[in-house]
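Numbering (our numbering), first residue to last: 101 to 369.
Even for Gly, the Cβ is constructed at its ideal location relative to N, Cα and C.
Here the structure is a predicted model, which is why all the values come from computation and not from measurement.
Heads up, the thing below is written out as structure tokens.
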């Protein structure tokens, strides 16, 4: 009888041990990854990969923030794990200004930068003294001015590159007035400015696409691809690598090619 009781107790404790081990393993596998972002198609892409991540045991928490500074601040402060809203030059600018250590993980898509107008159908119609609205962060100021320089509207100092400023304009024969505003304000400037330079993310809600509506467009530059960004302390983590893998998968590529063919070109094969 004692032998039977002993065997039963061993069996019970063994089962309890297995149960606890299984529960512990299950808990260890459950990972939450917080990603900060802004607007479509960024949010759309994350929604596509969210169920794919869940299948791999990672809960993707999408945090939509209100401006183009919060995602980097939140990431640097470890309030989120990664962000997806910017190109690498913008990230580098943030690092330099804030002594941060954000790093690029994976380029996802190229956003075709363009110049739009409600008042004019051709760039040749732009009058002298026209008001031109551009983003107010250094990298996008330089990006905007370089487009205008490439198309002959202004002339910049030689070799100033993507960090050109208005101080680098050496010729402005038509006395264009440049108004620098926050990225999120660019679409609203369509009523006030003669020309507005912006990415498709801000033009699309207005029903505008670079191929059909832009008076000027930028060629595809790999350094401006919208990129998944992490910190140096977590960029190599399994969850972040898995997110990069899913964001460059066939589901996302198909979405970009079918839904954003004119505005967001995949930056991966």
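#### Entry: Complete alpha helix (DSSP H) runs within the region 180–232 (minimum length 4 residues, chain order)
If we require 4 residues or more, the alpha helix (DSSP H) runs fully inside the region 180–232 come out as 188–198.
### Task
With a threshold of 16 other CB atoms inside 10 Å of the CB of residue 247, please say whether the residue is buried or exposed.
Looking at its Cβ environment, which holds 16 or more other Cβ atoms inside 10 Å, residue 247 is buried.
### Within 8 Å, strictly: CB atoms of residue 255 and residue 270
Closer than 8 Å, so yes.
### Task
State buried or exposed for residue 208, treating a residue as buried only when at least 16 other CB atoms are found within 10 Å of its CB.
Residue 208 is classed as buried because its beta carbon has at least 16 other beta carbons within 10 Å across all chains shown.
### Task
Compare the Cα-Cα distances from residue 185 to each of 146, 286, 272, 132 and report the closest residue.
Among 146, 286, 272, 132, the Cα nearest to that of residue 185 is on 146.
### Message
Using DSSP's beta-bridge definition, name the partner residues of residue 347.
### Response
In the DSSP assignment, residue 347 is bridged to no other residue.
### Task
Please list, in chain order, all residues of the same chain as residue 361 whose beta carbon is under 8 Å from its beta carbon, the five residues on each side excluded.
Contacts found: none.
#### Entry: residue 365 versus residue 278: straight-line alpha-carbon distance, rounded
If you take the alpha carbons of residue 365 and residue 278, they lie about 29 Å apart.
### Query
When DSSP labels each residue in this structure, what does residue 82 get in the three-state scheme?
Lying outside 101 to 369, the shown extent of the chain, residue 82 is not represented and no answer is given.
### Query
In three-state terms, what does DSSP make of residue 141?
Here residue 141 sits in coil by DSSP.
### Message
Helix, strand or coil for residue 277? Go by DSSP, reduced to three states.
### Response
When DSSP states are grouped into helix, strand and coil, residue 277 belongs to the strand group.
### Message
If you measure between the beta carbons of residue 348 and residue 206, is that distance less than 8 Å?
### Response
Yes, these two residues count as a Cβ contact at 8 Å.
### Task
To the nearest angstrom, report how far apart residue 363 and residue 157 are at their CA atoms.
Take the alpha-carbon of residue 363 and the one of residue 157: they are about 32 Å apart.
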